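Chains as they are written, first to last, in my numbering: chain A, 10 to 243; chain B, 10 to 243; chain C, 10 to 243; chain D, 10 to 243.
There are 4 protein chains.
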Amino acid sequence: MAGPCAIESEEQALTIARIVKRHGAQVFRGGAFKPRTSPYSFQGLGEDGLRILKKVREETGLLIVTEATDHTNIELVEEYADIIQVGARNMQNYSLLRRAGRSAKPILLKRGFAATIEELLMSAEYIMAEGNTRVILCERGIRTFADNTRNTLDLSAIPSIKEVSHLPVVVDPSHAAGRREYVIPLSRGAIAVGADGILVEVHHDPLHALSDGRQSLYAEQFATLMKEIKFLAR
Amino acid sequence: MAGPCAIESEEQALTIARIVKRHGAQVFRGGAFKPRTSPYSFQGLGEDGLRILKKVREETGLLIVTEATDHTNIELVEEYADIIQVGARNMQNYSLLRRAGRSAKPILLKRGFAATIEELLMSAEYIMAEGNTRVILCERGIRTFADNTRNTLDLSAIPSIKEVSHLPVVVDPSHAAGRREYVIPLSRGAIAVGADGILVEVHHDPLHALSDGRQSLYAEQFATLMKEIKFLAR
Amino acid sequence: MAGPCAIESEEQALTIARIVKRHGAQVFRGGAFKPRTSPYSFQGLGEDGLRILKKVREETGLLIVTEATDHTNIELVEEYADIIQVGARNMQNYSLLRRAGRSAKPILLKRGFAATIEELLMSAEYIMAEGNTRVILCERGIRTFADNTRNTLDLSAIPSIKEVSHLPVVVDPSHAAGRREYVIPLSRGAIAVGADGILVEVHHDPLHALSDGRQSLYAEQFATLMKEIKFLAR
Amino acid sequence: MAGPCAIESEEQALTIARIVKRHGAQVFRGGAFKPRTSPYSFQGLGEDGLRILKKVREETGLLIVTEATDHTNIELVEEYADIIQVGARNMQNYSLLRRAGRSAKPILLKRGFAATIEELLMSAEYIMAEGNTRVILCERGIRTFADNTRNTLDLSAIPSIKEVSHLPVVVDPSHAAGRREYVIPLSRGAIAVGADGILVEVHHDPLHALSDGRQSLYAEQFATLMKEIKFLAR
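And the structure:
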């Protein structure tokens with residue numbers, strides 16, 4: 010699963026989608042509704058972003074995963090996306106989880122940055138208890154004292170989850186690392202430990218990305234990444 | 010601010026309200042909508058709980074603070090409560106924050122258990138940007154490796170907040186400590202550091218409380234606590 | 010207990026000692042052997058520093074606490090100091106602890122910045138098992154994700170220790186906070202929670218201190234601090 | 010590098026050494042001097058343990074890595090071992106680091122469980138500044154709130170170190186995980202991320218190990234591990 014942090018324009022989305030498609034991505038990621046720490050930061054294009062994602066699917070055939078952040082936009086996201094993301098900040102937003110549980114679409118549930126594995130599984134349970142059992146869990150780093158990365162990627166989450174749950178687990182090394190230089194090695198690590206997939210940020214022009222440019226891969230890096238993890242996955 | 014973790018019955022709520030009133034509490038706390046890690050745990054009495062809280066106010070004159078967990082129950086909570094609590098798990102539930110910002114009632118915003126002070130202030134900003142500037146911040150402990158308490162109470166949050174914000178800060182030592190034995194000394198510490206108030210759990214029969222009994226004060230302990238912090242506050 | 014981070018010169022030490030004595034300190038702190046993260050940082054004046062500390066005692070009557078960092082300098086420190094400090098980095102340096110346990114001087118044992126309370130008590134046990142039962146424990150902040158202070162001061166350590174041990178507990182808010190602005194409120198908090206004393210950094214000219222100037226109190230701040238905690242301690 | 014946590018007897022050490030040798034280990038690990046949290050726990054066989062390690066080398070040809078915990082036993086360890094380990098608790102024991110820096114033997118320096126990458130590199134600098142540049146760094150997990158493993162293995166340490174240092178990095182997944190079930194996947198992850206080697210605990214009879222049995226691999230598990238990482242390393 011690959012794509013930009015935020016959908017910025019049709020041209021940006023299609024450019025990146027063609028890149029990630031060419032190198033073997035199966036799902037396109039990109040936020041239309043962005044949960045941001047500050048109310049004054051760019052909050053995403055909203056439904057316009059979703060319409061762009063629809064075009065991405067039509068043109069490239071990639072599946073679409075994008076985030077729903079509340080009870081209002083989940084209705085829209087459900088209409089446009091193939092997989093609905095519930096973000097780390099909303100991992101214990103129980104009414105959103107219950108609503109996701111009543112959706113017919115699969116849910117990508119990200120681990121809160123201070124959540125234990127048990128809490129992550131309990132949040133998945135909120136979704137499944139409503140009838141939607143197609144939940145994909147996502148490890149994306151936890152908060153620690155360590156300052157060499159934005160968050161500390163906890164790859165031990167993978168065997169910990171697989172010991173007690175049948176749910177697939179994907180890893181997002183981009184948000185954990187906060188720096189593109191670490192994304193390729195951490196992606197290899199995730200696959201080697203046993204992740205069922207990875208979710209990475211890619212941008213054709215990271216230096217001008219509206220958010221998270223520092224952790225977005227260049228096109229050539231994504232090509233390298235895909236070659237390496239395809240080999241590993243075998 | 011004092012009261013049980015959850016409203017369990019009219020008798021329970023009134024019994025505890027009379028105790029805390031007698032010893033000088035000004036606000037009664039008690040959850041009607043409880044955000045619980047597991048979907049199978051007791052989730053609160055809902056609107057029945059709010060009706061009980063109304064009776065508590067009528068009988069004792071105490072103000073009521075209780076939690077709203079989503080866009081549906083905030084309408085109800087707004088109707089019954091004097092102060093609307095947004096809990097730690099919802100500190101970055103931005104649509105709930107925006108909705109709270111359109112309320113005429115003051116908001117008690119709890120710090121997420123892995124939130125920085127800056128993130129807490131930015132979440133307050135989501136509320137205030139909508140026009141509601143009556144926000145009370147609450148330090149309630151953060152997640153660390155330390156295992157002597159449930160969370161590590163970060164009293165340095167008080168001077169850190171007061172350095173950059175005029176908002177009042179209260180401290181919840183009950184959730185931080187997770188054990189009633191530590192609540193009195195930590196409450197004294199909070200007041201001495203400069204907190205504008207404290208939020209504690211009290212139960213007339215903690216051993217039979219439906220949730221958080223382990224950290225609820227006995228009536229006599231609450232009496233001691235109030236005597237000590239009144240002295241300190243002077 | 011108050012004084013500079015490091016002994017820099019006789020004049021500096023005596024100037025600060027007179028200040029802290031005047032405002033009621035009973036013990037003078039100051040490092041002669043400084044454990045520094047980098048081998049290229051100022052490592053302290055060594056035995057020259059100890060000789061200065063001796064003069065401080067002779068002139069002011071203050072007791073002296075200073076750190077021993079290894080098996081060599083503990084012999085010297087023992088000779089000059091009234092209380093031997095074992096620092097946070099050495100909390101699990103078991104041969105140093107055992108050596109401290111064979112000393113006739115009291116030991117101030119600082120909690121490692123990632124040590125649990127149980128580990129701190131076990132380290133005290135290493136000292137006491139050798140026969141020296143005069144151990145003073147010191148809480149000085151733990152490493153967490155929080156970035157508003159250098160370390161997160163864990164005042165719940167005080168009731169946690171007092172629940173299972175008779176050993177006195179002092180608090181060092183200077184190293185925890187990393188900023189002098191927070192030292193006064195956190196010192197009040199420490200005393201209110203039940204600390205038996207505090208250990209703070211004071212400098213007559215913090216802007217030119219060789220280490221930790223950012224967290225050293227000015228003389229007038231120390232005067233305020235002492236007035237406030239004397240009142241609280243009563 | 011593989012072997013038991015502690016050397017318990019000649020028979021135990023030789024049995025395990027033959028197992029790990031057969032499956033491709035190059036270095037035998039095993040503690041003769043054990044730094045233990047409690048003074049009342051088993052502290053290792055001391056020089057008797059070192060003599061056993063010497064026999065292991067003579068019989069199997071494996072190199073020996075074992076821990077020195079202070080200025081006394083480093084003399085002995087130096088005599089018997091091929092690589093001297095400085096443990097996590099001693100990562101900032103600067104006099105031990107300096108002494109290690111005057112040794113002719115390579116040093117395996119473990120990251121403290123609350124040390125940043127910069128602090129680890131600065132500790133390596135203490136060794137190298139004395140003239141011994143043969144330092145091997147070891148990531149072994151950090152302390153966080155997460156409770157699914159004993160410590161959280163931080164595989165991002167590998168690219169972070171390799172970005173600024175030429176020193177080799179090995180990973181110890183046994184101490185990080187605290188459970189043998191996670192050691193194989195985490196070892197694969199370490200190699201895939203770019204570790205230069207791994208350090209694992211193996212015991213022929215983990216249920217009766219004197220320490221850390223819960224995280225020691227069975228012989229067959231070690232065979233599987235070696236097969237998998239040899240493949241990955243290619």
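Note that beta-carbon positions come from the ideal geometry of N, C-alpha and C, so glycine has one too. Since the model is a prediction, treat every value here as computed from it, not as a measurement.
Nearest in C-alpha terms to P48/C, of all of F42/D, Q94/D, V65/D and M137/D, is M137/D. Residues of the stretch 140-160 of chain D that bring their beta carbon within less than 8 Å of a beta carbon in chain B comprise R152, T153 and F154, in sequence order.
Here the C-alpha atom of S165/D lies approximately 13 Å from the C-alpha atom of R120/D. Assigned with DSSP and collapsed to three states, A138/B falls in coil, not helix or strand. From the beta-carbon of D181/A, no residue of chain D is found nearer than 7 Å; the closest lies around 13 Å away. Listed in chain order, the beta strand (DSSP E) runs fully inside the stretch 83-122 of chain B are 92-95 and 116-119, counting runs of at least 3 residues. Its chain contains M235 as the residues whose beta carbon lies nearer than 6 Å to that of G33/A, once the 5 sequence neighbours on both sides are disregarded; these appear in chain order.
Counting other Cβ atoms within 10 Å of its Cβ, D156/D stays below 16 and is therefore classed as exposed. For T153/C, there is no enclosing beta strand (DSSP E), since its DSSP letter is neither H nor E.
A check of alpha carbon separations from A41/A across P13/A, L195/A and A123/A identifies P13/A as the nearest. Rounded to whole angstroms, the gap between the alpha carbons of T158/B and G206/D is 37 Å.
Only residues of its own chain outside the window of five on either side were considered, and among them P115 have a CB closer than 6 Å to the CB of R143/C, listed in chain order. Under a criterion of Cβ atoms nearer than 8 Å, no residue of chain C is adjacent to R120/B; the nearest Cβ is some 10 Å distant. Think of a sphere of 8 Å around the beta carbon of S165/C: no beta carbon from chain D falls inside it, the nearest being about 15 Å out. The contact set of G206/C on chain B, defined by CB atoms closer than 9 Å, is empty, because the minimum CB distance reaches about 15 Å. No Cβ of chain A is located within less than 8 Å of the beta carbon of D214/B. Secondary structure of R27/D (DSSP, three-state): helix. Contact of I61/C with chain B by beta-carbon distance below 9 Å is absent, the smallest such distance being about 33 Å.
Straight across, the Cα-Cα distance linking G58/A with V209/B is about 45 Å.
Only residues of its own chain outside the window of five on either side were considered, and among them A166, S169 and I170 have a CB closer than 7 Å to the CB of I126/A, listed in chain order. Distance check between G39/B and each of L129/B, N141/B, E88/B and A26/B places A26/B closest, using alpha-carbon atoms only. Look at the stretch 182-194 of chain B: the residues with a C-beta under 8 Å from a C-beta of chain C are A185, A186, E190, Y191 and P194.
Only buried fits F154/B, as 16 or more other CB atoms lie within 10 angstroms of its CB.
Within chain D, no residue has its beta carbon less than 8 Å from that of H32/C; the closest one is some 33 Å off. Listed in chain order, the non-local C-beta contacts of I73/C below 6 Å within the same chain comprise F37, L62, R66, A90 and D91, local neighbours out to five positions each way being set aside. Burial check for F231/A: the Cβ neighbour count within 10 Å reaches 16 or more, so the residue is buried. When only Cα atoms are considered, H184/D and T78/B end up about 40 Å apart. Scanning E128/B, A123/B, I145/B and L23/B for the CA closest to the CA of G110/B turns up I145/B. Contact with chain C is absent for V86/B, since none of that chain's Cβ atoms lies less than 8 Å from the residue's Cβ. CA-to-CA, the gap between L105/D and R223/A works out to about 39 Å.
Cβ atoms of I193/D and E229/D stay farther apart than 8 Å, at about 11 Å.
Taking the Cβ atoms as the reference, V173/C lies roughly 32 Å from L226/C, outside the contact range of under 8 Å.
The contact set of R98/B on chain C, defined by CB atoms closer than 7 Å, is empty, because the minimum CB distance reaches about 17 Å. Residue range L72 to E76 is occupied by the beta strand (DSSP E) that includes E76/C. Counting every other CB atom within 10 Å of its CB across the protein chains shown gives L216/B a total below 16, marking it as exposed.
Counting along the chain, V179/A sits inside the beta strand (DSSP E) bounded by residues V178 to V180.
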